[in-house]
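**Student:** Pasting in a structure now, in C-alpha cells, and then I'll have a few things to ask.
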Amino acid sequence: MRCRISHKLFLSEMPEAVKEKVMAELTLENPKWLENLKMGRTNFRVARHLKYYSTRTCGGLIVPRGYGERLARICEDLDEKVEYEDQRRSLPEVDFSFTGELRPYQSAACQAMLRRRFGTLCAPTGAGKTVCGLYLVAARRQPALVVVHTRDLAMQWVERIEQFLGIPAREVGMIGSGQSRLGERVTVATVQSVYARAKELKKRIGHLVVDECHRAPSRTFTAAVTAFDSVYSLGLSATPYRRDGLTQLIFWHLGGMHARIDAEDLMGSGAILRPEICIRHTDFHTRRDSTEEYAQIIADLTADRARNELIVDEVGREVHGGSGVALVLSDRKGHCRELRALLSERHGISGTVLTGDTPLPERKDLVARIQEGREQVVFATGQLIGEGFDASNLTSLFLATPVKFSGRLIQYLGRVLRPCAGKVQPKVYDFVDNRVGVLESAGRARGLVYAELGTQNEKGCGSQAEHRMDTEQDRQETGDW
C-alpha cells in the first residue's frame, strides 16, 4: 500500500481489508440526525452518517492526516506494508530563543510531544499550555502559525511570544481584526482570517499550532486546519473532547493526544489551587417536558425570584466576608443584569456585567480592575469567560445556570483555580435543581468532575479510554507521526 503525506493522506494500492476498515472507522453517526430522532423532528435532507474520507479515481482514499497513526496500527495488524511518500512542507530553519523555564510536568509533556510531528497536548487551565506551545515552536525551528478563535486570545499570544521568545510585538505577524501582516518567524491569526487565506498562507508555514483545538471539528476550523501541509502540527486544549460525539475528529485532524498534564500534578506543585465545592439545592420546579422545552425551562429558571435570591444571598455573604472577587456565571445576558440588580437591592453591593456586547477596551479595563482588587463582583456569560479570560484574582465562582457539559465546567473552574497573593482556597458554588430530572442529572455529572479534582486517581481531561498518552512501545509501533 502507498501513502502520500501532505495536507491529508492520499492512499493508493489499498488491500480491500484495509480499505473497508478505514472507511468504517471514518464514518460517524451524525449528531444532528440523532438529535432530531430523539426530539421527534424530521430528518429530511439530514444525512444519518458523516464520512471523513473521500474516494480517489485510482480506487484509494483521501483521509485526515492525523489518522495516520491509527492507519499504521491497522496495517500492522493486517500484516500490510506501507510505502510512504512524505510531501509535508519543511521550510528553512529560523532562529528562536526560548527564555522561560519549564516546570517538571511541562518538560515531560513537551518531550513527549517532540517525539511526534503531529499531536495534541491536553493541559488544564493553569498548566501553562501557551508556554508549552511556545517551547515547542522554538524547538521545532520552523516558521509558525498560531490559530485562535478570538481577538482576545490572539493578543494574549502576542504578549506571551514577546515574553517567552523575546520577539518584539511589532515583529510578530498578525492576521485578523483589520491586520494582515505575516511574521518572519511566528504569526498569530484568527481562524476566520486563516480560512479565507489558507492557500496563500500554507506556503510560508512549517509549524501549525491550533489553540483551543476542541473547536477543530467545526466547519470553519476544519477547512482552515486541513489546508496546511506543514511538517509539524500541534493542538492545544484544556478540554480536548466534545459533547456532540465528534471528539475523535480533533485527533484525526491534528494527531492523537500524546501528552496530558493532570490537575492533580498542578495542585501538588501549587500551580493551581484545590477548590472548596459548596452545593446549594434550590426549590425550582417545573412541569415542562425537558425533551421538548429545555430552553424554556432555563428561561423559567433564570426568572425564578426565589432561586435568584438564593444566589445573590450567597454572593453577598462571600463579598461581605472579604474573600476577594466573585465571578457569577450565567448563560443568559438578561439573567446577569437581573442578578446584578438584585444583589444591589438586597445587599447594597454593586457589580459589573461582562457579556459579548461589552466592547474590547472595556473588557481589558475590567480585567485590570479585577487584578487590582477594584471590583467585588463580576456577572458574566459563560461563553465569554470559558476560554482566554485571564484574571487570577478571582476567588469564588457561582454557577447561576446549570452546566451540562463537563468540558465547559472544567473551563469555568479554571477561572478561579489560578493562585495569586492572598488567595488560599477558592470556592465554587453550584446551585443544583433537584426537583427537575434533567437538571438533577446534570448536577450529578458535575459532582463526578468535582470528585476527580479531589481524589488521587485524577483523570484530568476526561476519560482516556480511547485517547491515552503514548508509551514508548506505541511510538515504535506507529512510527513518526
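Numbering (this note's numbering), first residue to last: 705 to 1185.
Using N, Cα and C, we set each Cβ at its ideal position, and we do this for glycine too.
Using only CA atoms, which one of R947, R1036 and R793 lies nearest to A1003?
**Tutor:** One-based indexing of the sequence shown puts residue 1003 at position 299. That would be R1036, whose Cα lies nearest to the Cα of A1003.
**Student:** Could you name each continuous beta strand (DSSP E) segment of 3 residues or more that falls completely within the segment 794-881, going from the start of the chain to the end?
**Tutor:** 822-826, 848-852 and 877-880
**Student:** Where in the segment 1110-1169 do unbroken runs of the beta strand (DSSP E), each at least 3 residues long, occur, reported from the N-terminal end onward?
**Tutor:** Taking only runs of at least 3 residues, the beta strand (DSSP E) segments lying wholly in the segment 1110-1169 are 1131-1136.
**Student:** Taking all protein chains shown into account, do 16 or more other C-beta atoms lie within 10 angstroms of the C-beta of F714, making it buried, or fewer, making it exposed?
**Tutor:** Along the sequence shown, read from residue 1 onward, the residue named residue 714 stands at position 10. With 16 or more Cβ atoms within 10 Å of its Cβ, F714 is classed as buried.
**Student:** Roughly how many angstroms separate the alpha carbons of L1098 and C982, rounded to a whole number?
**Tutor:** Mapped onto the sequence shown, residue 1098 falls at position 394. Mapped onto the sequence shown, residue 982 falls at position 278. In a straight line, the C-alpha of L1098 is about 16 Å away from that of C982.
**Student:** With the cut-off set at 8 Å, would you say L1058 and L1088 are in Cβ contact?
**Tutor:** The residue labelled residue 1058 in the question sits at position 354 within the sequence shown. The residue labelled residue 1088 in the question sits at position 384 within the sequence shown. Against a cut-off of 8 Å, the Cβ pair of L1088 and L1058 comes out as a contact.
**Student:** Near E733, what residues of its chain come up, given a Cβ to Cβ distance below 8 Å and the 5 sequence neighbours on each side ignored?
**Tutor:** The sequence position of residue 733 within the sequence shown is 29, counting from 1. Within the same chain, E733 has close Cβ partners R752, H753, L754 and G949.
**Student:** Hey, which unbroken runs of the beta strand (DSSP E) at 3 residues or more fall wholly within the segment 909-982?
**Tutor:** Taking only runs of at least 3 residues, the beta strand (DSSP E) segments lying wholly in the segment 909-982 are 911-915, 936-941 and 961-964.
**Student:** Measure the C-alpha to C-alpha separation of Y1116 and K712 and round it to an integer number of angstroms.
**Tutor:** Mapped onto the sequence shown, residue 1116 falls at position 412. Mapped onto the sequence shown, residue 712 falls at position 8. Cα to Cα, Y1116 sits roughly 34 Å from K712.
**Student:** Can you grab the Cα-Cα spacing for the pair Y899 / I954, in whole Å?
**Tutor:** Against the sequence shown, residue 899 aligns to sequence position 195. Against the sequence shown, residue 954 aligns to sequence position 250. C-alpha separation (whole angstroms): 17 Å.
**Student:** Bridge partners of Y788, per DSSP?
**Tutor:** Taking the sequence shown and counting its residues from 1, one reaches residue 788 at position 84. Here Y788 is bridged, per DSSP, to C707.
**Student:** What does the alpha-carbon distance come out to for the pair V1032 and S1145?
**Tutor:** On the sequence shown, position 328 is the one that residue 1032 refers to. On the sequence shown, position 441 is the one that residue 1145 refers to. Going by the C-alpha atoms only, they are around 22 Å apart.
**Student:** Suppose the cutoff is 8 Å on Cβ atoms and the five residues either side in sequence are ignored; what does the same chain contact list for K742 look like?
**Tutor:** Looking up residue 742 in the sequence shown gives position 38. Excluding sequence positions up to five before and after K742, its CB lies within less than 8 Å of the CB of T995, all in the same chain and listed in chain order.
**Student:** Using C-beta distances below 6 Å, list every residue in its chain close to H1039, excluding the 5 sequence neighbours before and after it, in chain order.
**Tutor:** Along the sequence shown, one-based indexing puts residue 1039 at 335. Here the set comprises T1006.
**Student:** Taking DSSP as the reference, what is the three-state secondary structure of Q1080?
**Tutor:** Position 376 of the sequence shown, counted from the first residue, corresponds to residue 1080. Coil at Q1080, not helix or strand.
**Student:** Going by C-alpha distance, which of Y771, C707, S710 and S884 is nearest L958?
**Tutor:** Your numbering for residue 958 matches position 254 in the sequence shown. Ranking Y771, C707, S710 and S884 by Cα distance to L958 puts Y771 first.
**Student:** Assuming T894 and H853 make a contact with CB atoms under 8 Å, what is their CB distance in whole Å?
**Tutor:** As a first step, residue 894 is located in the sequence shown; it is residue number 190 there, counting from the start. As a first step, residue 853 is located in the sequence shown; it is residue number 149 there, counting from the start. Sure, about 7 Å apart at Cβ, within 8 Å.
**Student:** Grouping DSSP H, G and I as helix and E and B as strand, with all else coil, what is L1064?
**Tutor:** Working through the sequence shown from its first residue, we reach residue 1064 at position 360. Helix.
**Student:** What are the partner residues of F714, as DSSP defines its beta bridges?
**Tutor:** The sequence position of residue 714 within the sequence shown is 10, counting from 1. DSSP output for F714 lists R708 and I766 as bridge partner(s).
**Student:** Name the residue from D1134, P719, P921 and R1041 whose alpha carbon lies nearest to the alpha carbon of Y756.
**Tutor:** Here residue 756 refers to the residue found at position 52 of the sequence shown. Selected option, being the one with the closest Cα: P921.
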